[in-house]
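To start, the structure itself, in structure tokens.
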Amino acid sequence: MKIAYLFPGQGSQKPWMLHTLPKHPAVQQVLNEAREILDGEIDCLDSKESLESTVAVQLSLLIASVAVARAFESEGVRPDIVAGHSVGAFSAAVTSKTIEFADALKLVRLRGRLMEQAFPSGYGMGVVTGTDARTVKEITASCFTEKDPVYAANINASDQITVSGSLEGINRVIDQARKKGARTAELLNVSIPSHCPILETVSHALEEELSGIHMHSPEVPYACNRTARLLRSAEQIRDDLAFNVSHPVKWHDISTILCEFGTRLFIEMPPGNVLTTLAKRALPGARSVSVEENGFKNCLFLGKRYTSIQS
């Protein structure tokens with residue numbers, strides 16, 4: 001009866017998400033630490049205007065999810081496995097004790113800046129639902145050109161696949177997917193072509209930065225974004241943190257691996273419940289809850305209950 005913590009990525013952010021976190025000493029401690037590391041930047045970091053910045057979004061996601069995970073830990077609830085979607089991988093790495101929170105803050109700030117600078121306009125992401133990954137990959141391959149590159153990206157569910165690249169290329173994919181019977185095919189409100197080879201330069205810059213950071217072996221397994229395998233070494237996690245931004249996230253496979261590992265309770269850290277919804281679809285036999293939707297106290301109660309069953 002293992003417990004998995006799920007850490008959301010970009011797209012789950014909400015205005016004032018840091019201001020609506022549970023009132024808990026451990027949460028306040030994380031906010032204070034973030035304020036010190038970021039030179040007081042966090043007071044308006046989660047405002048509607050600030051969240052137009054990729055840097056602010058990714059930092060807010062990291063701070064929010066780590067804060068609540070720390071609150072659970074202080075109450076005696078710890079995960080048996082961690083999985084973060086895209087930038088959520090940094091929260092997973094912090095919670096598995098692989099990387100220090102202060103280092104993660106600096107890395108995520110750099111990650112966001114590099115992503116913003118890489119492609120200021122003309123690029124983005126889309127999503128196709130109601131068809132499988134193989135079909136989406138075939139469509140993107142047929143729509144790819146050197147001038148307007150486009151790639152199949154994240155496999156969030158068996159029938160929910162994102163595409164990344166030039167807006168021209170994405171629009172061609174959307175048109176073809178609709179013609180082939182996709183349930184939906186549309187642009188996402190994202191201006192950066194994440195999780196495809198276009199961002200390889202960002203990955204190499206992160207790799208260089210990560211090479212100078214001391215990391216520890218994880219206390220619990222970490223689910224790899226790129227391979228959906230469970231990682232148990234600092235070096236493997238270092239690579240995933242650097243390169244997940246330029247590779248597809250195999251989230252559907254991760255969900256399956258977590259269940260095979262024996263996970264029966266999934267708790268999604270704030271904000272949002274996107275990963276909870278995906279877990280419920282992929283693993284109807286497991287219990288999936290989110291702190292935002294179900295409440296901190298209810299999730300804590302479930303965490304303690306499953307912890308006591310294990311012991």
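Here the sequence shown is numbered in our numbering, starting from 1 and rising by one per residue.
Note that CB positions come from ideal geometry on N, CA and C, so glycine has one too.
The structure displayed is predicted, hence computed values, not measured ones.
Out of Lys97, Val77, Ser65, Cys44, the CA that lies nearest to the CA of alanine 56 is found in Cys44. If the five residues before and after isoleucine 198 are omitted, its C-beta is found closer than 8 Å to the C-beta atoms of Ala118, Phe119, Tyr123, Pro149, Tyr151, Ser164, Gly165, Ser246, all from its own chain and listed in chain order. Between the region 75-95 and the region 31-43 there are fewer than three C-beta pairs closer than 8 Å, too few to call the two in contact. Across the set Leu6, Gly303, Val66, Ile37, the C-alpha of Val66 shows the shortest separation from the C-alpha of leucine 18. In the structure shown, methionine 17 adopts coil according to DSSP, grouped into three states. By the C-beta density criterion, arginine 111 is buried, having at least 16 other C-beta atoms within 10 angstroms. Around the beta-carbon of arginine 172, 16 or more other beta-carbon atoms lie within 10 Å, marking it buried. With 16 or more other CB atoms across the displayed protein chains lying within 10 angstroms of its CB, histidine 85 is buried.
Secondary-structure assignment with DSSP links alanine 83 through a beta bridge to Leu6.
Fewer than three pairs of CB atoms, one per stretch, sit closer than 8 Å, so the region 204-215 makes no contact with the region 175-184. In this structure, the beta-carbon distance from leucine 61 to glycine 9 falls below 8 Å. Put simply, of Tyr222, Val128, Cys196, Ile161 the residue whose alpha carbon is nearest the alpha carbon of phenylalanine 261 is Tyr222. When DSSP states are grouped into helix, strand and coil, isoleucine 309 belongs to the helix group.
Between the alpha carbons of asparagine 298 and serine 47 lies a distance of about 27 Å. Spanning the alpha carbons of alanine 157 and leucine 278 requires a straight line of approximately 7 Å. Nearest in C-alpha terms to proline 270, of all of Ser288, Thr135, Asp253, Glu292, is Glu292.
Partner residues in the beta bridge of leucine 187, as assigned by DSSP, are Gly126. Ranked by Cα distance from histidine 195, the options Ala153, Gly169, Gly285, Val202 are led by Ala153.
DSSP links glutamate 268 through a beta bridge to Leu6, Ser290. Contact annotation: the region 102-109 touches the region 23-40, with at least three C-beta pairs closer than 8 Å. Within the same chain, and ignoring the five residues on either side of leucine 230 in sequence, the residues whose Cβ sits closer than 8 Å to its Cβ are Ile81, Pro221, Tyr222, Ala223, Cys224, Ile257, Phe261. One thing to note: valine 27 has its Cβ within 8 Å of the Cβ of alanine 71. Excluding residues up to 5 positions away in sequence, Asp46 lie with their Cβ nearer than 6 Å to the Cβ of tryptophan 16 in the same chain. Residue Asp239 holds the alpha-carbon nearest to the alpha-carbon of alanine 205 among Asp239, Ala93, Lys250, Val289. Per DSSP, glycine 165 is one residue of the beta strand (DSSP E) stretching across 160-166. A check of alpha carbon separations from lysine 2 across Pro22, Ala69, Val128, Pro79 identifies Pro79 as the nearest.
If you draw a 10 Å sphere on the C-beta of lysine 147, you find fewer than 16 other C-beta atoms in it, and that means exposed. Residues of the same chain with a CB within less than 6 Å of the CB of arginine 287, apart from the 5 flanking positions on each side, are Leu265 in chain order. Between leucine 210 and the set Thr227, Ala228, Leu241, Phe301, the nearest pair of CA atoms involves Leu241.
Where isoleucine 155 is concerned, there is no enclosing alpha helix (DSSP H), although the beta strand (DSSP E) around it starts and stops at 150-157. Distance from the Cα of threonine 276 is smallest, within the candidate group Arg305, Ile63, Ala83, Arg134, for Ala83. Taking the C-beta atoms as reference points, threonine 140 is found no nearer than 8 Å to alanine 182. In this structure, leucine 302 sits away from glutamate 75, with a CB-CB distance that is not shorter than 8 Å.
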